[in-house]
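Residue numbers (this note's numbering): 761 to 1320.
Every residue, glycine too, gets a C-beta built ideally from N, C-alpha and C.
Accompanying notes for the structure given below.
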């Protein structure tokens, strides 16, 4: 192929470069090394070594065996063609130049000039012949280019058809996978629908059981409300009874407090009286001691018992009858025991061998027992008396602080368990009425506490029943909501299943409507796709019009 031709456009150079790449077995989007290109392309270039070197220098100016693409090869061919065209124009202009040169200039004779003219004529004829050959060559090249363009178009159409078949194969593969996925989803939807139906039946049974439980709990609630009403009425009645009893007990307590205050005042008076008697007793013993000392009876001692058998009234009256003249002798006369006894003796008394102090203390304790045995004393008050001894050398005064303390503590209680008299004789004195009232009050308080606890327990149980009823109502509402959600899900699944059935029916009709074709076959595998086509007619339009995709071999992949 001669590359030295004019009148080529840029597109023609590009098409020539594409043909060269196709001849070398390289795609149009790839690259080609310069040495490989020149080794395959040089035998067809009718040039000398200089032109070969010039073309290679244009392709690889740096001599690095660079990789060139289609656009770079087209530009290089354009440069080479322009250089060859300019060189041919210069040669033609030199050969066709008319006129004979001067002898002084060229140094050629007339014979030589004639020979040169003949040579020029022959050269013009050969140039004309070369021009004709060049025009024929251009015509042939145009025919070849047209044929090459037709072949290229045919090849492009075949490639387009092949790509279309490949795309259709891929689309059918995707469609098959989509169909399989739809079938799987349909099966999963059926299973989910069965599960939802079973769950719906279970929920219905549970809801029925819950409704029965709610009815039972409602009946229990009504029963408990009736019991609560009765309990409240009973509690009100007990509270009223307790209030009445409490008011009566308060009145009785006030009366007991008043009586206790009276007894406390009487006890204080008696205490003062006892103190006075103790003082008089001490004075009397001192006088007796002085009289015994004055009588010079040293053999008698103070601790010797004196036989006194008189009553308390007689002793007190005898003591009161003594005055200063009779108590002490002005003449220093010794008063013997018989004269003192005769003076005091008026009636026959109780003959006991006790001292005067013991007799007085016994009489006072006897009076205390006989007068206070039926009274109600406080335990603190009864046990706080001072025990009076027989020793006359020391005197222990009465503690007034304990008396105030007794007054402040005496208002705290009214129950008396035991009383201890002054003479240390144990005397158990109990108020039966107060003890009975106390026991009754304790029993009433215990019954009231028990009723309060019963009411509290009933209220707690009622609250628990109400909370359980609320929980059951919430659970029933949640079950109803869940049932409604499941029903909506079931409806949506049924609608989706209907749509899938319609789509499957349409797809089946479409697959059944496709006709088989024996000229093309498609075999699809999971990892690769091989497409083979047979073209009977070379026309691309007829080939596109008559192209029918075979589906007989594909139907086995869509069977479910």
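Of the residues the options, the one placed nearest residue i, counting alpha carbons only
| i | options | result |
| --- | --- | --- |
| residue 1324 | 810, 827, 812 | An answer regarding residue 1324 cannot be provided, because it is not within the stretch 761 to 1320 covered by the chain. |
| residue 973 | 1248, 1200, 1235 | 1235 |
| residue 1227 | 1041, 1004, 978 | 978 |
| residue 1239 | 785, 961, 1268 | 961 |
| residue 840 | 825, 987, 810, 1243 | 810 |
| residue 1215 | 784, 1205, 995 | 995 |
| residue 1387 | 1266, 1237, 775, 919 | The first residue shown for the chain is 761 and the last is 1320, placing residue 1387 beyond what the model contains. |
| residue 954 | 912, 928, 1262, 1249 | 1249 |
| residue 910 | 1246, 832, 775, 1003 | 775 |
| residue 780 | 829, 1003, 882, 818 | 829 |
| residue 771 | 813, 997, 831 | 831 |
| residue 1194 | 1034, 1013, 1001, 874 | 1013 |
Cα-Cα separation between residue i and residue j, rounded to whole angstroms
| i | j | result |
| --- | --- | --- |
| residue 932 | residue 1271 | 11 Å |
| residue 952 | residue 1258 | 15 Å |
| residue 821 | residue 899 | 34 Å |
| residue 1180 | residue 1208 | Its pLDDT being 45, under 50, residue 1180 is placed unreliably by the model, and the measurement read from it follows with that caveat. Each residue's Cα considered, the two are about 36 Å apart. |
| residue 1211 | residue 1029 | 48 Å |
| residue 878 | residue 885 | 11 Å |
| residue 985 | residue 991 | 10 Å |
| residue 956 | residue 944 | 18 Å |
| residue 887 | residue 923 | 51 Å |
| residue 773 | residue 837 | 7 Å |
| residue 792 | residue 800 | 11 Å |
| residue 848 | residue 785 | 33 Å |
| residue 1054 | residue 1048 | 10 Å |
| residue 916 | residue 902 | 20 Å |
| residue 1233 | residue 966 | 13 Å |
| residue 788 | residue 896 | 30 Å |
| residue 1264 | residue 948 | 16 Å |
| residue 1038 | residue 1020 | 26 Å |
| residue 1184 | residue 1043 | Its pLDDT being 45, under 50, residue 1184 is placed unreliably by the model, and the measurement read from it follows with that caveat. Cα to Cα, residue 1184 sits roughly 24 Å from residue 1043. |
| residue 927 | residue 842 | 45 Å |
| residue 1036 | residue 1213 | 58 Å |
| residue 1251 | residue 959 | 15 Å |
| residue 1182 | residue 1206 | Because residue 1182 sits at a pLDDT of 46, beneath the cut-off of 50, its placement in the model cannot be relied upon, and the following sentence gives the value as read from the coordinates. Their Cα atoms are separated by approximately 39 Å. |
| residue 971 | residue 1231 | 13 Å |
| residue 942 | residue 919 | 33 Å |
| residue 988 | residue 1255 | 55 Å |
| residue 905 | residue 881 | 35 Å |
| residue 817 | residue 825 | 11 Å |
| residue 845 | residue 798 | 22 Å |
| residue 891 | residue 925 | 49 Å |
| residue 1253 | residue 1267 | 20 Å |
| residue 1173 | residue 1046 | Summary for residue 1173: the model assigns pLDDT 44, below 50, so the residue's position carries little reliability; its value from the coordinates is reported in the next sentence. Each residue's Cα considered, the two are about 43 Å apart. |
| residue 1262 | residue 1244 | 27 Å |
| residue 1024 | residue 1007 | 25 Å |
| residue 1002 | residue 1034 | 45 Å |
| residue 1031 | residue 1011 | 30 Å |
| residue 1016 | residue 1027 | 16 Å |
| residue 1000 | residue 1202 | 17 Å |
| residue 914 | residue 894 | 29 Å |
| residue 993 | residue 1022 | 43 Å |
| residue 883 | residue 875 | 12 Å |
| residue 1050 | residue 1041 | 14 Å |
| residue 907 | residue 812 | 28 Å |
| residue 921 | residue 819 | 36 Å |
Beta bridge counterpart(s) of residue i as assigned by DSSP
| i | result |
| --- | --- |
| residue 792 | 828 |
Beta-carbon separation (whole angstroms), residue i vs residue j, contact threshold 8 Å
| i | j | result |
| --- | --- | --- |
| residue 1200 | residue 981 | Not really, about 38 Å apart at Cβ, beyond 8 Å. |
| residue 1326 | residue 777 | Residue coverage of the chain in this structure runs from 761 to 1320, which leaves residue 1326 outside it and unanswerable. |
| residue 1242 | residue 930 | Residue 1242 to residue 930, Cβ: 45 Å. No contact. |
| residue 1009 | residue 1197 | 7 Å |
| residue 1005 | residue 1229 | Not really, about 39 Å apart at Cβ, beyond 8 Å. |
| residue 1260 | residue 946 | 5 Å |
At a cut of 8 Å, does the region 938 to 950 reach the region 1214 to 1223 through at least three beta carbon pairs?
no
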